[in-house]
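Worksheet: the structure to be examined is printed underneath.
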Amino acid sequence: MCISNSIKPKLKMKKTLIIFTAVVFCANGSFSKSINTGSDIIPAPVEFHICQYGFSLNANTKVIANINSSEYSVAEYLNGILCRFFKEDKPVIVKRDNPKYSLANSIIFILTSDKQLGREGYEIDMKKDKILISANDNPGFFYAVQSLMQYFSITPNGNNETKDEYKKYTQITKTACKIKDYPRFSYRGKHLDVCRHFFTVEEVKCYLDLMAYNKLNYFHWHLTDDQGWRIEIKKYPLLTQISSCREQTMIGHYRDYGKGEPLRFDGKRYCAYYTQEQIKEIVKYAAERYITVIPEIEMPGHACAALAAYPQFSCRRGGIKVEGTWGVFDDVFCCNDSTFSFIEGILEEVCDLFPGKYIHIGGDECPKTRWKECPVCQKTKQEQGCKDEHELQSYFVRTIEKFLNTKGKSIIGWEEILEGGVTGTATIMSWMGVNGGITAAKMGNDAIMTPENYLYFNWYQADPKTEPLAFGGLTPLDKVYNFNPAPDSLGAEVQRHIIGVQANTWTEYITDFKNLMYMDYPRTAALAEIAWSKNLDYTDFLERLQHTTPLYQTMYGGIFSKKK
Ligand code: ACM
Ligand code: ZN
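Quick note on numbering: the working numbering labels position 282 of the sequence shown as 1433, and the sequence is numbered without any gaps.
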């Protein structure tokens, strides 16, 4: 059985929650040597020191930041969480220089200048009567707040509105500690496919809360595929009227069908998309959590949904439907100028909706069958001097990259965009293993490691006989944890170009949010730890997971109970 099932929530209805860590206190002075055991924080901090005294958070704990400072917004965020947790609605944030308030029983935000911390690092120093949080920049303050919440067993939704047992806290006491922390990788990503199955705005927000809690900072949103187009594009209304709907969905897994046995379908129309207003809402929500949203608009392959509505941009010019089965399909965007204009019209709106630097253009699994038969594609191939269809794909990607560059964006593509040559500015996502990423990094391109055999969370996490239907493969928790995205053996120059790591969740067999949480947690915690921390110790991680799992369950549990 996977660990997400075996760890039960431990929080019970109590007036005061007292958690003392199972660590021997240092005999003299305020803190012991640097150890992680007992930190109760995932990802493991760089340095963790336990103190000899306790610290209590309660309804009167004040959050103090300079009102004119940029970190004020993070202080407000923390204050809101504490207010919800302790069922208080009084304003707790005060100006640091307001003489009305003493500094006792407070959490104080201090802007610092410490090169080692970078933008995302922070320090927490718990004194007997106050907590000092120092950082160079807002993301650092934000991550300090995430660590503080985990340490004191608080979730960002505070007292879960739907569960009485979370409503009664008046105080939380814990052994005080000191933390110094900063990330290993600048890119710490989580991908979600919303095409095969859709997740609501509320569910995506919960997903982002969980990501932030684990200090993940890029949300790769897979918005278009053969089975559904999920983003409103005002210039092309058929993308939502037609491409967002499939007539029905296949039942079960291909491997469950005998040779020649016809596929069975559920007979249910499946339609869903995000309006531009909803997209803006999610992008804003993510930004408030220091998460950049990367939209993925798939091309040239995985485009059946778009081509069902706009067949003039396919090689066959018709006969394409929004797919209700899984896999790779021959119909792809035809490689010509009118297709580029169509895609650029889409990307214009996408660029306006997503302020981040990256647009993901897909590029994976594009069969060349149609291109080989298509006179238009063959003409383009000849005109562009491409020796084969791989080079034609490279021309396709370069054309779109050039356009996106004019909008100030950079592209990310799956590793197949290396075939036929790639520009030096594309970032490569290595999914079939690590070799694509290493090749890219050796060429001087940035690379993100997301190898399927370690980091696909739609793969099984335990014996398939005991698990819900999944794609296949096996990526159990310890395997995720033991993946090193950039081992020293690669050398410093290659390591420098491996900017980070990401796990992907494709949702062919993940039909609802409950199932999604089952597949993603606790594996996302392991991802977060390898993305952030160099302090890796699987046994210690499992211990800390005992502490964080009930907190994750509180966070997503609210969504399940609202659905009933
Ligand atoms: C992929 O899994 N096709 C990127
Ligand atoms: Zn064509």
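All residues carry an ideal CB built from backbone N, CA and C; glycine is no exception.
These figures come from a predicted structure and were not determined experimentally.
Determine whether the beta carbon atoms of L1268 and A1295 lie at a separation below 8 Å. Numbered from 1 along the sequence shown, position 117 holds the residue referred to as residue 1268. Numbered from 1 along the sequence shown, position 144 holds the residue referred to as residue 1295. Result no, Cβ atoms of L1268 and A1295 do not sit closer than 8 Å.
When you compare the CB positions of K1431 and A1679, do they come within less than 8 Å of one another, or not? On the sequence shown, position 280 is the one that residue 1431 refers to. On the sequence shown, position 528 is the one that residue 1679 refers to. No. Outside cutoff.
Helix, strand or coil: which one does DSSP assign to R1695? On the sequence shown, residue 1695 is found 544 positions in, with the first residue counted as 1. Helix at R1695.
7 Å Cβ shell around K1630 - same chain, five flanking residues per side excluded: For the purposes of this step, residue 1630 is taken as the residue at position 479 of the sequence shown. Hits under 7 Å: Y1605.
Out of K1519, G1572, Q1535 and E1495, state which residue places its alpha-carbon closest to the alpha-carbon of S1553. For this step, residue 1553 is matched to residue 402 along the sequence shown. It is Lys, not Ser, that sits at residue 1553 in the sequence shown. Checked all of K1519, G1572, Q1535 and E1495; the closest Cα to K1553 is E1495.
Using 8 Å as the threshold, is the C-beta distance between I1710 and E1353 below it? The residue given as residue 1710 occupies position 559 in the sequence shown. The residue given as residue 1353 occupies position 202 in the sequence shown. Against a cut-off of 8 Å, the Cβ pair of E1353 and I1710 comes out as a contact.
Anything with a beta carbon under 7 Å from a heavy atom of the ligand ACM counts; list them all in chain order. Neighbourhood of the ligand ACM, defined by CB distance below 7 Å to any of its heavy atoms: D1515, E1516, W1565, W1582, E1603, N1655 and W1657, in chain order.
Per DSSP, C1525 forms a beta bridge with which residues? Taking the sequence shown and counting its residues from 1, one reaches residue 1525 at position 374. When DSSP reads this structure, C1525 sits in no beta bridge, so it has no partner.
Report yes if the CB atom of C1528 is closer than 8 Å to the CB atom of C1466, and no otherwise. The sequence position of residue 1528 within the sequence shown is 377, counting from 1. The sequence position of residue 1466 within the sequence shown is 315, counting from 1. Taking 8 Å as the Cβ cut-off, C1528 and C1466 qualify as a contacting pair.
What does I1562 pair with, by DSSP beta-bridge criteria? On the sequence shown, residue 1562 is found 411 positions in, with the first residue counted as 1. According to DSSP, which records beta bridges pairwise, I1562 is partnered with I1510.
Measure the C-alpha to C-alpha separation of L1262 and G1418 and round it to an integer number of angstroms. The residue labelled residue 1262 in the question sits at position 111 within the sequence shown. The residue labelled residue 1418 in the question sits at position 267 within the sequence shown. Those two C-alpha atoms are separated by around 58 Å.
Could you name the residues whose beta carbon sits closer than 7 Å to any heavy atom belonging to the ligand ZN, keeping them in chain order? That gives C1466, C1485, C1486, N1487, R1521, W1522, C1525, V1527 and C1528.
Taking only runs that begin and end inside the segment 1375-1442, name each unbroken alpha helix (DSSP H) of 4 or more residues, in chain order. Here the runs fully enclosed are 1389-1392 and 1427-1438.
Could you name the residues of the same chain whose beta carbon sits closer than 6 Å to that of C1455, not counting the 5 residues immediately before and after it, in chain order? Working through the sequence shown from its first residue, we reach residue 1455 at position 304. Closer than 6 Å at the Cβ level, and outside the excluded window around C1455, lie D1377, I1471, E1474, F1480 and D1482.
Have a look at I1186 and F1199 and give me their C-alpha separation to the nearest angstrom. Residue numbering aside, residue 1186 sits at position 35 when the sequence shown is read from its first letter. Residue numbering aside, residue 1199 sits at position 48 when the sequence shown is read from its first letter. Here the model assigns I1186 a pLDDT of 39, short of 50, so the residue's position is not dependable and the matter cannot be decided.
Start and end residues, beta strand (DSSP E) containing N1609: Taking the sequence shown and counting its residues from 1, the one referred to as residue 1609 is at position 458. Membership of N1609 in any beta strand (DSSP E) is not indicated, and neither H nor E is assigned to it by DSSP.
Nearest neighbour of A1216, chosen from N1209, S1207, N1230 and A1210 [CA to CA]: Mapped onto the sequence shown, residue 1216 falls at position 65. The closest CA to that of A1216, considering only N1209, S1207, N1230 and A1210, is found on N1230.
Is it the case that the CB of M1450 approaches a heavy atom of the ligand ATP more closely than 7 Å? Summarising the ligand content, the structure contains the ligand ACM and the ligand ZN and does not contain the ligand ATP.
The alpha helix (DSSP H) spanning N1289 covers which residue range? Within the sequence shown, the letter at position 138 stands for residue 1289. Here the alpha helix (DSSP H) through N1289 covers N1289 to Y1302.
Going by the beta-carbon positions, is the gap between V1232 and P1307 smaller than 8 Å? As a first step, residue 1232 must be located in the sequence shown, where it is residue number 81. As a first step, residue 1307 must be located in the sequence shown, where it is residue number 156. The sequence shown places Ile at residue 1232, rather than the Val named in the question. For I1232 and P1307, yes; Cβs fall inside 8 Å.
Would T1662 and H1453 be called neighbours here (beta carbons separated by less than 8 Å)? Here the question's residue 1662 lines up with position 511 in the sequence shown. Here the question's residue 1453 lines up with position 302 in the sequence shown. No, these two residues do not count as a Cβ contact at 8 Å.
Three or more C-beta pairs below 8 Å linking the segment 1191-1211 and the segment 1318-1333: Proximity of the segment 1191-1211 to the segment 1318-1333 meets the contact definition, three or more beta-carbon pairs being nearer than 8 Å.
Straight-line gap, L1374 to S1224 (C-alpha atoms, nearest Å): Within the sequence shown, the letter at position 223 stands for residue 1374. Within the sequence shown, the letter at position 73 stands for residue 1224. Each residue's Cα considered, the two are about 30 Å apart.
For I1599, the three-state DSSP class (helix, strand or coil): Looking up residue 1599 in the sequence shown gives position 448. Strand, per DSSP.
Counting C-beta neighbours from all protein chains within 10 Å, is the total for Y1405 16 or more, i.e. buried, or is it exposed? For the purposes of this step, residue 1405 is taken as residue 254 along the sequence shown, with counting starting at 1. Exposed, since its Cβ has fewer than 16 Cβ neighbours within 10 Å.
Look at the alpha carbon of V1434 and the alpha carbon of F1505, and state the distance between them as a whole number of angstroms. The sequence position of residue 1434 within the sequence shown is 283, counting from 1. The sequence position of residue 1505 within the sequence shown is 354, counting from 1. Going by the C-alpha atoms only, they are around 7 Å apart.
By how many angstroms is the C-alpha of P1627 removed from the C-alpha of K1593? On the sequence shown, position 442 is the one that residue 1593 refers to. On the sequence shown, position 476 is the one that residue 1627 refers to. When rounded, the distance between both Cα atoms is 30 Å.
What are the partner residues of V1652, as DSSP defines its beta bridges? Here residue 1652 is taken as the residue at index 501 of the sequence shown, counted from 1. BP columns for V1652 point to R1339 and M1600.
What is the rounded straight-line gap between the Cα of K1281 and the Cα of L1693? To locate residue 1281, count along the sequence shown from 1; it is residue 130. To locate residue 1693, count along the sequence shown from 1; it is residue 542. K1281 and L1693 have their C-alpha atoms roughly 30 Å apart.
Locate the alpha helix (DSSP H) running through I1681, then write down its first and last residues. Within the sequence shown, the letter at position 530 stands for residue 1681. R1674 to W1683 is the span of the alpha helix (DSSP H), which, as asked, contains I1681.
Determine the extent of the alpha helix (DSSP H) in which Q1544 is found, giving its start and end residues. The count along the sequence shown starts at 1 and reaches residue 1544 at position 393. Counting along the chain, the alpha helix (DSSP H) containing Q1544 begins and ends at E1540 to T1557.
So, under 8 Å CB-CB, Y1302 and L1389 are touching, yes? Tell me the CB distance rounded to an integer number of Å. The residue you call residue 1302 lines up with position 151 of the sequence shown. The residue you call residue 1389 lines up with position 238 of the sequence shown. Actually they do not touch by this definition, with Cβ atoms about 51 Å apart.
Could you pull out every residue in the same chain whose Cβ sits closer than 8 Å to the Cβ of S1298, ignoring the five residues on either side in sequence? Residue 1298 sits at position 147 when you count from the first residue of the sequence shown. Excluding positions up to five away in sequence, the list reads I1192, P1196, Y1273, I1275, I1330 and D1332.
Helix, strand or coil: how does DSSP classify F1464 here? By 1-based counting over the sequence shown, the position of residue 1464 is 313. DSSP places F1464 within a helical segment (H, G or I) once states are collapsed to three.
On the DSSP bridge list, what partners appear for A1286? Mapped onto the sequence shown, residue 1286 falls at position 135. DSSP output for A1286 lists L1262 as bridge partner(s).
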